[in-house]
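Notes follow the structure.
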DNA sequence: TTGAAAGCGCTACCAT
DNA sequence: ATGGTAGCGCTTTCAA
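Residue numbers (our numbering), protein chains in the order written: chain A, 1 to 349; chain B, 1001 to 1349.
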């Protein structure tokens, strides 16, 4: 059933029916009710293509997920983030168009998204340091917001990010307070913007306390379980081995834990571990795991929020929405704390 | 730039330009080349709304992700699956429309997706036992495929699933072969179809070997770290505690491991653990983790494949594509194996 | 091999 | 408060 047929059923013009359905004020309440009821009864809903053509808006938002086909895996928090965004879109009548883009002609891709009118705006995921996409999108003129930030980018843009630097600054300080002096940083790929910021937070905490920075204690890789495992093994085999690990992701932390327990060491006793993760969903109701989260209210909330920002930006193209910096929260668990045996070791060193 | 303007630039009719761009055979090669070049030069791409309206096809595929707002989290493998599907769509010119649907009027939602012409087909995620969505979609007439299966559904439908039953049958047998007689099953939510099948595999392995089934050893919950932890703790505190754990997800397994090591027990020594996970991405290059994967070639491949099935179904609506059952692969690690101390314990029992 | 024109279903402007 | 109608940009049929 289309608009014309529906209007004929009702003995009204298509104009009136359209107005009634779209909430225009100049329709009498009686007519509106009749129309709405008839539409429901006939399972009528407006054809999306026709609407796009007539209005010039697609009522769709694009999410672009860069993914080198080579080896990179999808960050699991991405799913939660997008679920949050989806909630916002459902409320506002937008569709969510997800594009997985792998090594292809990126510029052409973004440009096409714009010229084809597939989406009214974009969410950029996984920003790198000095990410070229930002200048490009700015130039194209399609409204966009960034999930995360990109250092060393000239142009203005709206973003929503975790305060990664501060989170790792505080986590490092926390370990320093416990007496640790050799802290290994198990970080993500070095060209990712978030990894850089975490590294900077770690370094500045050491500097501020006058603790020597040892580049051998820092590693940057894709965050797999095996990466955590191998890295921890390597560190633990050295003479001046670290007494603490600061791990950038829960997945890598599983490996770190495995390496520790394989050697017969005990967490919070022989070794301290602080895990950072963007979301605590998997750890709900767990009081005693050493976790340092960055998103107070969960990644899902963050997704919601960023989606709202974008819808805002589409509505007011001249007034870009205020960027958002989410602060970290430290949740300390038993096994992070200073166990007596560990204390002795640290006090001697 | 639109088609009309482009055609004027070239001194051709819109018809010819359209034909040239869409690969119709009746255009001379010379003309086609001219047109394609001009289109590229002017950054022309056809307006999606207009095309939808004219052709009646949206060139978009919907992925529906059910998510009760209450507490449920997003399965992280979902991200990888959808990344795989996205690759297929990118090749075939389809857009991927992701709908997060939470407790809303589902029937109306699916129907609208169809009548509005937003998508040409659907992928159904997270099927439950006797999932009502399948009959509904069948009735609506929109092509769809299911990621997973749904038991107790009358109608025919196309699906791609892991052989969950067989995977858990084999995993259980593996533990039985090691001598275990009390094996705890840490499973997912009981109304999920995959959880049911895994449970059935576990049970039939016990039955076949004449090992008593103890319902107290089976738990069904949402798979968080804490669930694994609490469940393992509870089990390990009993007198006739299990000697092995069969865990349905890597996340819950982290908790199980934690509980084990907290009690000073050693994996593969005092306790055996077999983990099932749909994907090994996080464990790449790890030879010695006890994992039982179900998807040989990774979830991403599975996503690709299911997307191809759906595109097929859209092309041949009368010939539904063959469903696919993926077989499991057992990867055994050190810590699963029969350690001497454990052997003794088992031999005595 | 090319072109003219109808029409997809809707919105929005202009009348009334 | 309601209706007539042009037009959004494309595909597709028919004609040449």
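C-beta: ideal position from N, C-alpha, C; glycine also.
Would you list the one or two residues that DSSP bridges to residue i?
i: residue 184 of chain A; result: A/245
i: residue 190 of chain A; result: Note: residue 190 of chain A sits in no beta bridge, so no partner.
i: residue 60 of chain A; result: A/95
i: residue 966 of chain B; result: The structure shown does not extend to residue 966 of chain B, since chain B is modelled only from 1001 through 1349, so no value can be given for it.
i: residue 355 of chain A; result: The structure shown does not extend to residue 355 of chain A, since chain A spans only 1 to 349, so no value can be given for it.
i: residue 122 of chain A; result: A/62 and A/144
i: residue 134 of chain A; result: DSSP output for residue 134 of chain A lists no bridge partner at all.
i: residue 1220 of chain B; result: B/1187
i: residue 1267 of chain B; result: B/1271
i: residue 1128 of chain B; result: B/1192
Going along the chain, which residues of its own chain have a beta-carbon closer than 6 Å to the beta-carbon of residue i, five neighbours each way excluded?
i: residue 1112 of chain B; result: none
i: residue 324 of chain A; result: 160
i: residue 1216 of chain B; result: none
Would the C-beta of residue i count as close to the ligand MG, meaning under 7 Å from any of its heavy atoms?
i: residue 93 of chain A; result: This structure lacks the ligand MG; in fact it carries no ligand of any kind.
Can you tell me the Cβ-Cβ gap for residue i and residue j, rounded? I've got them flagged as a contact below 8 Å.
i: residue 301 of chain A; j: residue 126 of chain A; result: No, residue 301 of chain A and residue 126 of chain A are not in contact; Cβ-Cβ is about 19 Å, not under 8 Å.
i: residue 1046 of chain B; j: residue 1003 of chain B; result: 7 Å
i: residue 175 of chain A; j: residue 253 of chain A; result: With 8 Å as the limit, residue 175 of chain A and residue 253 of chain A do not qualify as a contact, their Cβ atoms being about 14 Å apart.
i: residue 66 of chain A; j: residue 314 of chain A; result: Their Cβ separation, rounded to whole angstroms, is 22 Å, which puts residue 66 of chain A and residue 314 of chain A out of contact at 8 Å.
i: residue 183 of chain A; j: residue 246 of chain A; result: 6 Å
i: residue 117 of chain A; j: residue 1049 of chain B; result: 6 Å
i: residue 1124 of chain B; j: residue 1306 of chain B; result: About 10 Å separates the two Cβ atoms, so there is no contact after all.
i: residue 356 of chain A; j: residue 89 of chain A; result: Outside the shown range of chain A, which is 1 to 349, sits residue 356 of chain A, and nothing can be said about it.
i: residue 150 of chain A; j: residue 214 of chain A; result: Contact doesn't hold; Cβ gap of about 28 Å is too wide.
i: residue 211 of chain A; j: residue 181 of chain A; result: 6 Å
i: residue 1310 of chain B; j: residue 1121 of chain B; result: 5 Å
Should residue i go down as buried or exposed, given a rule of 16 or more other Cβ atoms within 10 Å for buried?
i: residue 1043 of chain B; result: exposed
i: residue 132 of chain A; result: exposed
i: residue 1155 of chain B; result: exposed
i: residue 1015 of chain B; result: exposed
i: residue 209 of chain A; result: exposed
i: residue 242 of chain A; result: buried
i: residue 30 of chain A; result: exposed
i: residue 22 of chain A; result: exposed
i: residue 286 of chain A; result: Confidence at residue 286 of chain A is low in this model, with a pLDDT of 38, below 50, so the placement of that residue should be treated as unreliable; the coordinate-derived value is given next. Result: buried.
i: residue 1303 of chain B; result: buried
i: residue 224 of chain A; result: buried
i: residue 264 of chain A; result: exposed
i: residue 259 of chain A; result: buried
i: residue 1013 of chain B; result: exposed
i: residue 343 of chain A; result: Legend: pLDDT at residue 343 of chain A = 48, less than 50; position of this residue unreliable, value from coordinates given subsequently. Classification for residue 343 of chain A: exposed.
i: residue 239 of chain A; result: exposed
Apart from the five residues on each side of it in sequence, which residues of its chain come closer than 7 Å, Cβ to Cβ, to residue i?
i: residue 187 of chain A; result: 195, 198, 199, 218, 219, 220 and 248
i: residue 140 of chain A; result: 110, 111 and 114
i: residue 1206 of chain B; result: 1172 and 1213
i: residue 349 of chain A; result: Here residue 349 of chain A scores only 39 on pLDDT, less than 50, and its place in the model is too uncertain to base an answer on.
i: residue 1191 of chain B; result: 1128 and 1129
i: residue 100 of chain A; result: 65 and 67
Determine, using beta carbons only, whether residue i and residue j come nearer to each other than 8 Å.
i: residue 1028 of chain B; j: residue 1119 of chain B; result: no
i: residue 352 of chain A; j: residue 64 of chain A; result: The structure shown has nothing for residue 352 of chain A, since chain A only spans 1 to 349.
i: residue 158 of chain A; j: residue 321 of chain A; result: yes
i: residue 1054 of chain B; j: residue 1097 of chain B; result: no
i: residue 367 of chain A; j: residue 152 of chain A; result: Nothing can be reported for residue 367 of chain A, as the shown portion of chain A is limited to 1 through 349.
i: residue 1261 of chain B; j: residue 272 of chain A; result: no
i: residue 232 of chain A; j: residue 268 of chain A; result: no
i: residue 40 of chain A; j: residue 32 of chain A; result: no
i: residue 203 of chain A; j: residue 328 of chain A; result: no
i: residue 1146 of chain B; j: residue 1134 of chain B; result: yes
i: residue 87 of chain A; j: residue 1102 of chain B; result: yes
i: residue 1164 of chain B; j: residue 1201 of chain B; result: yes
i: residue 77 of chain A; j: residue 299 of chain A; result: yes
i: residue 250 of chain A; j: residue 277 of chain A; result: yes
In its own chain, which residues sit with a C-beta less than 8 Å from the C-beta of residue i, not counting the 5 before and 5 after it?
i: residue 71 of chain A; result: Any reading at residue 71 of chain A must be qualified, since the residue scores a pLDDT of 49, below 50, and its modelled position is unreliable; the value itself is stated next. Once the five neighbours on either side are set aside, the close Cβ partners of residue 71 of chain A are 222.
i: residue 8 of chain A; result: none
i: residue 226 of chain A; result: 255
i: residue 1093 of chain B; result: 1059
i: residue 38 of chain A; result: 6, 9, 10 and 44
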